[in-house]
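Undergrad: In this note's numbering, the protein residues as written are 126 to 241. My questions all concern the structure below.
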């Protein structure tokens, strides 16, 4: 599975961005998809996840502000980010977890900068 993330950029506090992650192959609809983020010198943090049946979960720090979704027909994962804060300024990574192989795949990361 190859993942291509996009949609990062610069925005003012309170602004919005939507990240996208397009996956290759034909198994997208059968795998768990997640968004992580990582600040310099810190561990990668799970932001949001969406399993095959559509169930979602979020980190407490983004609940009510971020929404994860997927378009299985287009092999694309999204992260809608609203009410952005300066502390959301990090690199975001999409992740695909294939449960029958226990393998993880990562996109290249996209930088989000929230600053006035």
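Yeah, the Cβ is synthetic: ideal placement off N, Cα and C, and Gly gets one too.
1. Taking all protein chains shown into account, decide if residue 232 is buried (16 or more other Cβ within 10 angstroms of its Cβ) or exposed.
2. Cutting at 6 angstroms between CB atoms, please list the residues of its own chain near residue 174, excluding the five before and the five after it.
3. Rounded to whole angstroms, what is the Cα-Cα separation between residue 189 and residue 225?
4. What separation, rounded to the nearest whole angstrom, lies between the Cα atoms of residue 208 and residue 193?
5. Within 10 angstroms of its Cβ, does residue 141 collect 16 or more other Cβ (buried), or is it exposed?
6. Taking the alpha-carbon of residue 157 as reference, which of 187, 165, 134 and 197 has the nearest alpha-carbon?
7. Is it true that the CB of residue 219 sits closer than 9 angstroms to the CB of residue 164?
8. Is the beta carbon of residue 172 closer than 9 angstroms to that of residue 154?
9. Out of 166, 213 and 168, which has the shortest C-alpha to C-alpha gap to residue 133?
10. Relative to the C-alpha of residue 217, which residue among 202, 223, 227 and 228 is closest?
11. Check each candidate in 126, 139 and 143 and name the one with the smallest Cα separation from residue 235.
TA: Reading off the structure:
1. buried
2. 159 and 182
3. 32 angstroms
4. Roughly 15 angstroms separates the two Cα atoms.
5. Classified as exposed, residue 141 has fewer than 16 neighbouring CB atoms from the shown chains inside 10 Å of its CB.
6. 197
7. Note that the C-beta distance between residue 164 and residue 219 is not below 9 angstroms.
8. Cβ distance not < 9 angstroms, so residue 154 and residue 172 don't count as in contact.
9. 213
10. 202
11. Selected option, being the one with the closest Cα: 143.
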